Amino acid sequence: MAAGGKQFDEYNALMSSLKVSVSKHLLDEHFTMIWANDFYYEIIKYPKDEYEALFHNHADEFYKHMPDRFQRIREEVEKALAEGRPGYECICEMPQKGGTTAWTRLVGTFTNEFVDGYPVVYTVFTDITDVVEVRRERTITYDNLPGFAARFRIDVDNFVFLSANDKFIKFFGCTKGQELSYGLSNYYSESNRMAYDRNFLAMRRGNPVHFTLQAKDQDGRDVWLQINADCISWQDDNPVYLVIYIDITDLTEQRLLQKQLEERSELLHNALEAAEEANRAKSEFLSRMSHDIRTPMNAIIGMTAIAASHIDNQERVMDCLEKINVSSRLLLGLINEVLDMSRIESGRVALTEEEFSMGGMIHDIITIIQPSIEAKHHTFDVHAFDLEHEYIVGDLQHLQQVFLNILSNAVKYTPDYGRIQFDIRELPHKTKGYGRYEFICRDNGYGMKPEFMEKLFMPFERAEDPDIRGIQGTGLGMAISRNIVRMMDGDIKAESTYGKGSTFTISLSLQYRDEENTEFFLPERLPVLVVDDDPVTCETVCERLDEIGLDGRWVTSGKEAVSRVTKAHGTGEEFIAIIIDLKMPEMNGIETAKAIRTLVGPDVPIILLSAYDWTEYEEAAAKAGVSGCIVKPLLKSSLVCAVKKYVLNQNSRKPASFAERRVRSFEGKRLLLVEDNLLNQEIAAELLGQTGAVVDVAQNGQEAVQAFLTFPMGFYDLIFMDMQMPVMNGLEAVRTIRAQSRPDACRIPIVAMTANALEEDVRAAKEAGMNDHLAKPLDIERMNRILERYLYDGPI
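Taking the working numbering, the leading residue of the sequence shown gets 4, the next gets one more, and so forth.
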């Protein structure tokens, strides 16, 4: 063995000195190497242990970055076996550690030996890199190449010029021998930069590349060059490339011109299609608007005629007036949507900020849509989850507009006896003083098809579906809602399954107001019964009860509630209060309260829980023994107030809102109404006169100025001024009044009462000197609030 080992070492040393590698391979799918002499590892520059760890002696893995080279070896082996030759030969590049390559001549000899069932081949690798490079240098004659050529070394961050033929020097106008370095930051155009970036890594690996560049020739002319680059050698682990340039300017310019024509043609075609689509959508919109406007107008005109013909029948006249009121508000809503879309598209919408109660906002929205919900017999649930901050700062009017759009659509596009759910959730926010609020509206209505979902938020679009064809709408509500939400840096998402319903999720970051410490806790853990057919409502109300120290227990029907109260009464474990949902199937809240009141007597508070305005149920509820009502979603502050008032008999009433206050009398006050339209004069004078104030009328701005100057200082307490009038408009009249030297000229409140309701109209009125703005048609509640703001002298 010692002699054999010495003989093997001598053979190994001989092969290495001759720069020859001998290795033994299996003819399997990997061309697995089972032995190699030392020079094999010198050629590839990998230590034996590292080579085996990285490539597992598999030739295909070793050649994974040069698969074409391995494929060539495989093809030569397969060809030799097919032809019955004793071996194979080929010249091929071999990868080396560090990204370089070596040129080798492979001579393989097939044997009758088998290992693990595979035949064995012995392969001799001879390093011929020097020979190949010398032969390349001798065979490359730059001036015989097509186009012009140069050699570059591809460094880590640079293209280093090495040499070039005369055509290259002449084309670019540089001095022969001058060094040119093309740094990665010095390309002629952005397209060149992109071309280099796409190919740079491949060139660093020595792979052939082909791409197009834009350059300037020696005359400054823009030219297009086809680049064909091949690695011919390596210097200090950096590849050296022979780059052949072919001027393709004429062909490229023709191709670019053709491409530009095609692009312009496509742009024109797309623009035409977009214009036709917009024209179609607007035509359909105008057709729908004509129908939708005529419908309430027909009701207004028709009901007016019917009321006139039944003038002695007060009940019939009141019914007509109610229908006229509903139709008028529908018509106003259609007009407002069109104006809102116009303002949003022209960027004339400005957001305002005010502090408001989340619960109050939701209650006002529900109050508005309640008649529609009841008319279609929908089940409506509203929940508040993790709502830690009830008072927030934002644009209340626009928020209400968004939620009313979403909820109104849910009501309209859900068949009768459907279910609608509105959830509010507060999530943590990374900015102190802000909360991330989610508003989710779900319905089990008609749903939307995928093709319409793509156009859902586009203006003038409505789904073409026979089930909803008779439902009125402008097709603007969702576009308006999305634009408002985006203006608030929020997000609105829609999910829908046709025939099953839709879900809309609105996410907004809103500033909240840190409320005063109103901690309230009852340590006795006294039991309260919650009754609601919606388990989610039961659970959320019980959570609120637990937060203030009460033991919330719940059932989902009136029948269960009566049974539970009867059982508790029999065991002496009375509930200290019972909270019952107003609307439940089979046995509603009032019926349940009446049955329970007979069991518990007059002392146990029975509180109704309702998402609706309960005014119409109040009398029946009182007769049934109901103590009071709290609204959904049940917020902690509302629950604390209810417990203090009904359970502890403490006065916890919150300050009344403007809507809750009685309209005040303004007897002794004198108003100047400036209005040129006789019908508008009559309406405004009558409504203002109902407050007890004396109303004088001026026909235009000039008469208004004369009236103000004719009477003594303080004669008028407030002026309502139209803006568009003959002789002198409202803006000019206000400026004239404010310019007078009388002390009251700058103090008297002047309020715009006008159909000019756009944002710029309000701004123009304020800039002219008006104190406030009241849009037509007149909102009586807003008119009363303005009168209170400027005329009422006592405490509110």
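Where a beta carbon is used, it is the ideal one built from N, C-alpha and C, also for glycine. Computed from a predicted structure; not experimentally measured.
Look up residue i in the DSSP assignment and say whether it is helix, strand or coil.
i	result
Gly305	helix
Val697	strand
Ile47	helix
Ser560	coil
Val533	strand
Pro605	coil
Thr574	helix
Met206	helix
Thr142	Residue confidence for Thr142 is low, a pLDDT of 47 falling below 50, so the modelled location carries little weight and cannot support an answer.
Glu663	Confidence is the limiting factor: at Glu663 the pLDDT is only 39, short of 50, which leaves the residue's position unreliable, though a coordinate-based value still follows. Glu663 falls in the helix class under three-state DSSP.
Asp130	strand
Arg600	helix
Asn787	helix
Ile583	strand
Phe524	coil
Lys779	coil
Leu794	helix
Leu674	strand
Phe151	strand
Ala742	coil
Ser188	Confidence in Ser188 is poor, its pLDDT being 38 and thus under 50, which makes the residue's placement too unreliable to answer from.
Glu619	helix
Glu116	strand
Buried or exposed, going by whether 16 or more other CB atoms sit within 10 Å of the CB of residue i?
i	result
Met823	This structure leaves residue 823 out entirely; the chain is present only between 4 and 799.
Met306	buried
Tyr795	exposed
Phe723	buried
Asp537	buried
Thr543	buried
Ser360	buried
Ser566	exposed
Ile369	buried
Tyr420	exposed
Ile303	buried
Trp38	exposed
Gln221	exposed
Val23	buried
Phe128	buried
Asp160	exposed
Pro242	buried
Met773	buried
Phe42	buried
Met97	buried
Ser3	The chain is shown only over 4 to 799; residue 3 falls outside these bounds and no answer can be derived.
Quick one: measure Cβ to Cβ for residue i and residue j, integer angstroms, because I've assumed they're closer than 8 Å.
i	j	result
Val568	Leu532	7 Å
Ala105	Asp71	Wrong, their Cβ atoms sit about 16 Å apart, outside the cutoff.
Ser499	Gly450	5 Å
Asp679	Asp725	7 Å
Leu228	Ile249	7 Å
Val697	Leu674	7 Å
Glu79	Cys93	4 Å
Val831	His386	With the chain covering only 4 through 799, there is no way to say anything about residue 831.
Arg422	His432	Contact doesn't hold; Cβ gap of about 31 Å is too wide.
Phe3	Leu165	The structure shown has nothing for residue 3, since the chain only spans 4 to 799.
His392	Glu429	7 Å
With a threshold of 7 Å on Cβ separation, who are the neighbours of residue i within its own chain once the five nearest residues in sequence on each side are excluded?
i	result
Pro658	For Pro658, the predicted model reports a pLDDT of 37, less than 50, meaning its position is unreliable; a value from the coordinates is still stated below. The answer is none, since no qualifying residue turns up.
Asn202	Val212, Phe214
Gly628	Ala596, Lys597, Arg600, Ile609
Glu358	Tyr394, Val396, Arg516
Identify, in the order they occur along the chain, each residue of the same chain with its Cβ nearer than 6 Å to the Cβ of residue i, setting aside the five sequence neighbours on each side.
i	result
Gly592	Ile583, Asp584, Leu585, Leu611
Cys234	Gly209, Pro242, Tyr244
Gly176	Gln221
Gly111	Gly90, Tyr91, Val124, Thr126
Ala83	Tyr91
Tell me whether residue i counts as near the ligand MN, meaning its Cβ is closer than 7 Å to at least one heavy atom of that ligand.
i	result
Glu498	With respect to small molecules bound, the structure shown includes none, and the ligand MN cannot be examined in it.
Which residues in the same chain have their Cβ closer than 8 Å to the Cβ of residue i, if we skip the five residues on either side of it in sequence?
i	result
Asp775	Pro752, Val754, Ala755, Ile789, Arg792, Tyr793
Val765	Ala755, His776
Arg785	Leu777
Inset, instruction - Enumerate, from N- to C-terminal direction, the unbroken beta strand (DSSP E) stretches of 3 or more residues contained entirely within the region 401-464. - result: 422-430, 437-446
Legend entry - Continuous beta strand (DSSP E) assignments of at least 3 residues falling wholly in the region 708-740: 721-724
Legend entry - beta strand (DSSP E) runs wholly inside the region 20-106, at least 3 long, in chain order: 23-29, 36-39, 90-98
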